[in-house]
Amino acid sequence: MKSTVEKFKLIRKGHKVIVALSGGKDSVSVLSALKSFSNDLGFKVIPLHLNLGIGKFSEESEAIVKEAAAMLGTQAVVINVRDAIGAGIPELALASKRPPCSVCGLVKRYFINLAAVKMKATSIALGHHLDDLAAYALKAILTGDYDTLRKLGPKTESEEGIAVGRIRPLYLTTERENLVYALVKGLPFMRGKCPNAMRRSFESEIKAFMSNLDVKHPGVRISFMKGVAKELIPKTPLPTGSIIPCRHCGMPSKDGVCGFCKLTERALGKPAGPRAAEYVDSLIHSQ
Ligand code: SF4
Ligand code: ZN
Numbered sequence: 001m002k003s004t005v006e007k008f009k010l011i012r013k014g015h016k017v018i019v020a021l022s023g024g025k026d027s028v029s030v031l032s033a034l035k036s037f038s039n040d041l042g043f044k045v046i047p048l049h050l051n052l053g054i055g056k057f058s059e060e061s062e063a064i065v066k067e068a069a070a071m072l073g074t075q076a077v078v079i080n081v082r083d084a085i086g087a088g089i090p091e092l093a094l095a096s097k098r099p100p101c102s103v104c105g106l107v108k109r110y111f112i113n114l115a116a117v118k119m120k121a122t123s124i125a126l127g128h129h130l131d132d133l134a135a136y137a138l139k140a141i142l143t144g145d146y147d148t149l150r151k152l153g154p155k156t157e158s159e160e161g162i163a164v165g166r167i168r169p170l171y172l173t174t175e176r177e178n179l180v181y182a183l184v185k186g187l188p189f190m191r192g193k194c195p196n197a198m199r200r201s202f203e204s205e206i207k208a209f210m211s212n213l214d215v216k217h218p219g220v221r222i223s224f225m226k227g228v229a230k231e232l233i234p235k236t237p238l239p240t241g242s243i244i245p246c247r248h249c250g251m252p253s254k255d256g257v258c259g260f261c262k263l264t265e266r267a268l269g270k271p272a273g274p275r276a277a278e279y280v281d282s283l284i285h286s287q
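The following block contains the structure:
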């Protein structure tokens with residue numbers, strides 16, 4: 001992970017890196033590894049967790065994140081979505097008539113970016129590993145989804161005051177290597193699955209195909225993702241249209257109202273961006 005960080009220049013001296021922790025092995029390993037060389041490279045790590053309000057699953061995930069952070073000598077910032085806006089993922093999904101995972105993805109991206117902007121973080125470290133990224137990238141190529149492909153590099157850039165860039169320290173690390181790391185280090189991680197988790201069959205097929213290919217031709221996924229990062233992403237055209245601040249909350253939007261404010265207006269009758277911002281402000285000031 002350290003060589004990936006150095007190879008792709010993901011973190012520099014003086015950076016403030018937020019680690020988005022779900023409680024699963026991947027994000028917990030990222031936190032552990034980044035902490036282990038943060039003094040060497042001179043950057044700061046802040047663990048961040050979102051309690052999504054999905055019953056027992058969310059309570060267990062939060063407890064594991066707190067335990068892992070304490071074990072690594074730090075403390076996690078925990079955003080409780082239901083405390084912040086008066087509804088968790090299940091209520092938002094029901095009221096907006098959208099699938100829980102699509103609502104959840106939007107809410108997670110929104111709160112993580114909001115917290116990172118308010119904490120003036122340099123980047124957000126995600127726990128996406130090689131197996132998933134290679135499957136997403138091949139799927140994006142096969143389906144001609146170049147908007148998605150462009151986001152699958154080792155890092156995305158920040159936009160001053162509105163969006164914080166993402167980094168992927170596990171870009172060249174397989175899921176298996178990551179699991180071994182977590183087990184050897186004795187890291188606590190969530191073993192149960194979210195009750196909403198579904199097998200995405202096309203992605204699973206591609207993932208299985210690529211891991212079989214990697215058995216026959218070791219290293220093929222690594223060279224594929226290096227090529228994606230070095231050759232394909234820089235040549236993929238940028239999307240048309242600009243990003244403008246949401247008129248309710250100031251976060252990024254395409255048309256003046258962000259996806260989160262649209263979703264919450266539909267589900268709760270009022271855009272919840274301003275309320276979310278107030279909650280995150282008070283959480284940061286109480287730390
Ligand atoms: Fe959210 Fe869906 Fe993942 Fe559950 S399975 S945590 S609802 S994205
Ligand atoms: Zn908004």
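Heads up: the sequence shown begins at 1 in this note's numbering, then just goes up one per residue.
Note that beta-carbon positions come from the ideal geometry of N, C-alpha and C, so glycine has one too.
In whole angstroms, what is the alpha-carbon distance linking residue i and residue j?
i	j	result
residue 107	residue 12	29 Å
residue 158	residue 69	26 Å
residue 216	residue 210	10 Å
residue 242	residue 254	7 Å
residue 167	residue 10	6 Å
residue 121	residue 181	27 Å
residue 61	residue 280	20 Å
residue 199	residue 100	14 Å
residue 142	residue 183	35 Å
residue 43	residue 197	34 Å
residue 92	residue 51	14 Å
For the ligand SF4, is there a heavy atom less than 8 Å away from the beta-carbon of residue i?
i	result
residue 21	no
residue 261	no
residue 52	yes
Less than 9 Å separating the beta-carbons of residue i and residue j?
i	j	result
residue 24	residue 127	yes
residue 65	residue 153	no
residue 245	residue 252	yes
residue 238	residue 4	no
residue 84	residue 111	yes
residue 89	residue 78	no
residue 213	residue 221	yes
residue 135	residue 207	yes
residue 16	residue 46	yes
residue 250	residue 162	yes
residue 49	residue 87	no
Residue range of the alpha helix (DSSP H) that residue i falls in?
i	result
residue 267	259-268
residue 176	175-185
residue 284	273-286
residue 116	100-118
residue 22	First-last for residue 22: undefined, no H or E at that position.
Is residue i near the ligand ZN, judged by its Cβ being under 8 Å from some heavy atom?
i	result
residue 273	yes
residue 257	yes
residue 250	yes
residue 246	yes
residue 253	yes
Tell me which residue opens and which closes the beta strand (DSSP E) that residue i is part of.
i	result
residue 199	Residue 199 -> no beta strand (DSSP E), and no H or E assigned at all.
residue 49	44-51
residue 158	Where residue 158 is concerned, there is no enclosing beta strand (DSSP E), given that its DSSP letter is neither H nor E.
residue 11	From DSSP, residue 11 is part of no beta strand (DSSP E); its letter is neither H nor E.
From the DSSP secondary-structure annotation, give me the bridge partner or partners of residue i.
i	result
residue 78	49
residue 16	44
residue 244	253
residue 165	123
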